[in-house]
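Numbering (this note's numbering), first residue to last: 17 to 285.
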């Protein structure tokens, strides 16, 4: 396989250029192709003599993305024992997902979250190198994170574009009230859904809403129970972006920040 025209990568905040590494991608026939992580399994009901078209109950992705590639010294010399140890320490330092970024010759980026699950010493063209395996947390890559900040006095309407390849997207919103009064958020594009929060029981008049994880936290990262912002079981609405343009109307005096990291169906080719 080949992935873009990758010249370097950054894993867990450290660039492969730090170690003067070249990158090699494996070519193979169809039997050896690497999954793009985009294959799905259809969830279907049973068929019988009268039901020849089974009911469909959606689909799920078969797997997450996996990358396999080789690294070697750009000067075509074998790694020393010290270099090999340093590489192993870097690549296998963590067992939780860390940011993995590939850079092509035009310096375009593709961002993933992955764990390096295997490091194998191997010989390429007579030079000692390593074969790496990275397993990602998703079938998707991600666009670089971006923020959209709006200052609201009284009321303000604006549009946020959903650039996700996955359809509906759940952002993180940070709301800071300037007067301690309630703030309401209406997404007119999402069936005019409205969410209202109060700040009477919130420190520093700041609330962070992670719609994807369905959590409310304060400015110190501590969980806020839903009732403390005026929510009831019937009134909870996690702000989301439907596909395309989303028209929001914010009512109240506040600063609101949308944090966006859109999924991309980039595959591995």
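Ideal placement from N, C-alpha and C gives every residue a C-beta, glycine not left out.
Around residue 90, the same chain offers 36, 38 as residues with beta carbons nearer than 6 Å, after the five sequence neighbours per side are excluded.
When the beta-carbon positions are compared, residue 240 and residue 223 come within less than 9 Å of each other.
At a Cβ-Cβ threshold of 9 Å, residue 247 and residue 227 do not count as neighbours.
Counting only the Cα atoms, residue 128 lies some 21 Å from residue 274.
Residue 101 and residue 32 have their C-alpha atoms spaced approximately 15 Å apart. Between residue 94 and residue 40, the C-beta gap is not smaller than 9 Å, which leaves the two residues out of contact. By the C-beta density criterion, residue 169 is exposed, having fewer than 16 other C-beta atoms within 10 angstroms. Contact between the stretch 151-158 and the stretch 256-265 is absent: fewer than three C-beta pairs spanning the two stretches fall below 8 Å. In this structure, the straight-line span from the alpha carbon of residue 119 to that of residue 159 is close to 13 Å. Within the stretch 158-246, the beta strand (DSSP E) runs of at least 3 residues that lie entirely inside it are, in chain order, 162-168, 171-178, 188-193, 199-203, 209-213, 222-226, 231-233. Residue 264 has its alpha-carbon roughly 29 Å from the corresponding atom of residue 126. Shown here for residue 164: same chain residues with a beta carbon closer than 8 Å to its own, the five before and five after excluded, namely 176, 273, 274, 276 in chain order. Within the stretch 74-114, the complete beta strand (DSSP E) segments of 3 residues or longer fall at 82-89, listed in chain order.
For residue 145, the enclosing beta strand (DSSP E) covers residues 143-152.
DSSP, reduced to helix, strand and coil, places residue 134 within a strand of the structure shown. In the three-state reduction of the DSSP assignment, residue 263 falls in the strand class, which pools E and B. Checking the DSSP bridge columns, you'll see residue 280 partnered with 157. Boundaries of the beta strand (DSSP E) around residue 24: 22-27. Scanning 198, 244, 233 for the CA closest to the CA of residue 217 turns up 244. In its chain, beyond the 5 residues on either side, 192, 193, 196, 215 have a beta carbon closer than 7 Å to the beta carbon of residue 221.
By the beta-carbon neighbour count (other beta carbons within 10 angstroms, threshold 16), residue 190 is buried. For residue 126, the secondary structure class from DSSP, reduced to helix, strand or coil, is strand. Counting the other Cβ atoms within 10 Å of the Cβ of residue 252 gives fewer than 16, which makes it exposed.
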